[in-house]
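J.: The structure is given below, and queries will be raised subsequently.
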Ligand SMILES: Cc1ncc(COP(=O)(O)O)c(C=O)c1O
């Protein structure tokens, strides 16, 4: 199984289909990344900050109660939600920020869906003394408002993207366009393992710390490797970060896509189970949800981070090779798994990660008690308050919002 | 006459600055779009780009993106645009180029679209997201075999060595020189540096130069005389169309005034 791209490609996926104006920016980035990847000083700085800033290693946790409830395989959580800023996204954002700094860049830009990557980039920028502008679809800004607030508090400019479906896809376009205007002083911190080469390699490499730690921790805890690794898949960064450590092992790898309102609904982001077709969009070749004319289809997921029409090229390759199996969880299943995990373990996962949990809960009862499942809890659920609260608390939440509004307004007057 | 020769003739026909205009296929509707192209020919435009509407036009600014999305919302398909082009070709001889991002062409099938291009009398393709390093789909090669132009794009950030690479082995009579960084739309200030860039491009590639991005006014056309062979007008015309629609004025009449004003 190939571990990294070969001549820009993973099998037939990947490449670099960029407008000519961006060409020098990509050669500069590729060269810098190749250099610093092997630079001991760079790696040392990143390692130090992983410990002191991100809070790594993140724990591996045996979910005893959830395991008991499922009565089957033992379920372990890799707790990326405990990383600084609340998700795995900081692993990549910090790596790219350090790289940008060494490249002499003054400014970071990023796209964001759930706001987790934007937040991570805002933090890394503040910490590194770089300016930061985050592009975010208008719809995502509304549904992930706590992150918008936090990004701004950290000094980032958050720009609403009002084109197209006003979600993650459009935010990527806006960031690419901004970069094509300001390449000299700006680095584009792409937030998932996709996009034109070298992003899929670079993002996976920065995220691969997840799989490396998990492997060591699992060996220490159980004396063996997991039988199954499960991760949710938006673009594929938490999945590739986890899977990359096990590609050549006898470990089953499962990616969970956003089933939205269900496979028959046309309201989902399932690209790998027959709905998506190979295409070239946003400068890389992979599977995309698209119509007969090659335009992207609108997607839906309750989780903004999985609400995207494309998927990382390495995952597309691994799926075609049969190395990664894809499955899906609907909005409803994700919410159920989130609630179950909250009650049984006292852990509130991000809605994205709840999709991986839904698959774990489905799969565990079918396996023997000796089997071990590792689930990547890619983020924590704080950011989802405005989605989960109305769902779980309904009337109470509405009443609270009303009262709080009157109280704050009254205090001002 | 094949596409490459046909385009070459258009460049040879006169010494003064040529004009290439642009429409988004099926915008604001198929019939008006068709009449717009006929009007362009009537007003002496030298080449016309017809863009296939696409959801994610990453090299385009707001005006072109909006027109793309509106056309898609109206249900315009690749077939609709090609059928419209076929009808236009029967009425005028101006060279017609299909401008498209790579995915709509890939979805149609690269071989199939090149064959259809020959059949309906298209003269070439302009594809902003298929650099020569990426050989799959082999559209450039298919165009060469079909004697259609596959127009190289050059940017102010393109080093001379790369200009050679972009045009080597490419029989297109002209290159599309992007006038500045960023995306289409915002007005471009033409400076001494712009002229130097266009002169370098001309010297190194040895091809005709069509210069575009942010050209909207006769004064800019004057500034391009001598350093470019052709000026490309895209977003400016779309803004005219959009404003005519918003004010419930006749789109074709507004376009006519704009084109007459341009040619002075
Ligand atoms: C917590 C969390 N998990 C997963 C994702 C999906 O991204 P990826 O597939 O790149 O891990 C996101 C994206 O925003 C996220 O915030």
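Chains as they are written, first to last, in this note's numbering: chain D, 255 to 667; chain H, 2 to 265. Think of the CB as a built atom: it goes at the ideal place given N, C-alpha and C, for glycine as much as any other residue.
#1: Output, in chain order, the set of chain D residues within a Cβ distance shorter than 9 Å of residue 183/H.
#2: Could you check which residue in 373/D, 273/D and 367/D has the C-alpha nearest to that of residue 394/D?
#3: Is residue 606/D near ligand 1, going by C-beta to nearest heavy atom under 8 Å?
#4: Just reading off the beta strand (DSSP E) that residue 2/H is part of, what are its end residues?
#5: Measuring only between beta-carbons, confirm whether residue 448/D sits less than 9 Å from chain H.
#6: Tell me the DSSP secondary structure of residue 136/H in three-state form.
#7: Between 548/D, 424/D and 552/D, which lies nearest to residue 111/H when the distance is taken from Cα to Cα?
#8: Does the Cβ of residue 491/D lie closer than 8 Å to at least one heavy atom of ligand 1?
#9: Of all the residues that make up the region 515-541 of chain D, which are near chain H by a beta-carbon distance shorter than 9 Å?
#10: To the nearest angstrom, how far is the alpha carbon of residue 396/D from that of residue 416/D?
#11: Given a threshold of 16 other Cβ atoms within 10 Å of its Cβ, counted over all protein chains shown, does residue 181/H qualify as buried or as exposed?
#12: Considering only their Cβ atoms, is the gap separating residue 20/H from residue 46/H smaller than 9 Å?
#13: Please confirm if residue 271/D has its CB atom under 9 Å from at least one CB of chain H.
#14: Can you give the Cα-Cα distance for residue 280/D and residue 452/D, rounded to whole angstroms?
#15: Can you give me the C-alpha to C-alpha distance between residue 420/D and residue 428/D, rounded to a whole angstrom?
#16: Considering only heavy atoms of ligand 3, does any lie closer than 8 Å to the CB of residue 486/D?
#17: Give me the residue from 554/D, 351/D, 600/D and 305/D with the minimum Cα distance to residue 467/D.
#18: Let me see if you follow: with CB-CB separation under 9 Å, is residue 550/D close to chain H or not?
#19: Check each candidate in 353/D, 267/D and 334/D and name the one with the smallest Cα separation from residue 542/D.
#20: Taking only beta-carbon positions, decide if residue 56/H is within less than 9 Å of chain D.
#21: In this structure, what does DSSP give as the bridge partners for residue 370/D?
#22: Anything in chain B within Cβ reach of residue 544/D, meaning under 9 Å, just list it in chain order.
#23: Go through its chain and collect everything with a Cβ distance to residue 472/D's Cβ below 8 Å, but skip five positions before and after it.
#24: Decide if residue 345/D is buried, meaning its Cβ has at least 16 other Cβ atoms within 10 Å, or exposed.
#25: DSSP state of residue 578/D, grouped into three classes?
#26: Answer yes or no: does any C-beta atom of chain D fall closer than 9 Å to that of residue 219/H?
#27: Would you say residue 62/H faces chain D, with C-beta separation under 9 Å as the test?
#28: Would you kindly work out how many angstroms separate the C-alpha atoms of residue 521/D and residue 94/H, rounded to a whole number?
#29: When DSSP builds the beta bridges, which residues end up paired with residue 532/D?
#30: List, from N- to C-terminal side, the alpha helix (DSSP H) runs of 4 residues or more that fit wholly inside the region 485-516 of chain D.
#31: Taking the continuous alpha helix (DSSP H) assigned at residue 292/D, which residues delimit it?
#32: Is it buried or exposed, residue 407/D, if we count other Cβ atoms within 10 angstroms and call 16 or more buried?
#33: According to DSSP, is residue 55/H helix, strand or coil?
#34: Taking residue 198/H as part of the alpha helix (DSSP H), name the residues at either end of that continuous run.
#35: Nearest to residue 486/D by CA position, among 582/D, 536/D, 662/D and 437/D, is which residue?
#36: Return the CA-CA distance between residue 513/D and residue 588/D, expressed in angstroms with no decimal places.
T.: With the structure as the only source:
#1: Contact annotation for residue 183/H against chain D: 275, 431, 432, 434, 435 and 436 [CB-CB distance below 9 Å, chain order].
#2: Minimum Cα distance to residue 394/D is reached at 367/D.
#3: Residue 606/D has its CB nearer than 8 Å to a heavy atom of ligand 1.
#4: No beta strand (DSSP E) holds residue 2/H; DSSP gives it neither H nor E.
#5: The Cβ of residue 448/D sits no closer than 9 Å to any Cβ of chain H.
#6: Residue 136/H: coil per DSSP, three-state reduction.
#7: That would be 548/D, whose Cα lies nearest to the Cα of residue 111/H.
#8: Indeed, a heavy atom of ligand 1 lies less than 8 Å from the Cβ.
#9: Shown in chain order are the members of the region 515-541 of chain D whose Cβ falls below 9 Å from a Cβ of chain H: 531, 532, 533, 534, 535, 536, 537 and 539.
#10: If you take the alpha carbons of residue 396/D and residue 416/D, they lie about 12 Å apart.
#11: Counting Cβ neighbours within 10 Å, residue 181/H comes out buried, since at least 16 surround it.
#12: In contact: residue 46/H and residue 20/H (Cβ atoms closer than 9 Å).
#13: Yes, because at least one Cβ of chain H sits closer than 9 Å to the Cβ of residue 271/D.
#14: Approximately 8 Å, taken between the alpha carbons.
#15: Answer to the nearest angstrom: the Cα atoms are 10 Å apart.
#16: This structure lacks ligand 3; the ligands present are ligand 1.
#17: Per the Cα distances, 305/D.
#18: By this cut-off, residue 550/D is an interface position.
#19: The shortest C-alpha separation from residue 542/D is found at 267/D.
#20: The C-beta of residue 56/H comes closer than 9 Å to at least one C-beta of chain D.
#21: DSSP output for residue 370/D lists no bridge partner at all.
#22: The displayed structure is made up of protein chains D and H, and chain B is not among them.
#23: So the qualifying residues of the chain are 314, 330, 478, 479, 480, 626 and 628.
#24: Per the 10 Å Cβ criterion, buried.
#25: Here DSSP, grouped into helix, strand and coil, assigns residue 578/D to strand.
#26: No, because no Cβ of chain D sits closer than 9 Å to the Cβ of residue 219/H.
#27: Among the CB atoms of chain D, one or more fall inside 9 Å of the CB of residue 62/H.
#28: Straight-line Cα distance between these residues: approximately 46 Å.
#29: BP columns for residue 532/D point to 541/D.
#30: Runs found: 491-497.
#31: Careful: residue 292/D lies outside any alpha helix (DSSP H) and carries neither H nor E.
#32: Result: exposed.
#33: Here residue 55/H sits in coil by DSSP.
#34: Where residue 198/H is concerned, the enclosing alpha helix (DSSP H) stretches over 193-206.
#35: Shortest Cα-Cα distance from residue 486/D to any of 582/D, 536/D, 662/D and 437/D involves 582/D.
#36: Going by the C-alpha atoms only, they are around 9 Å apart.
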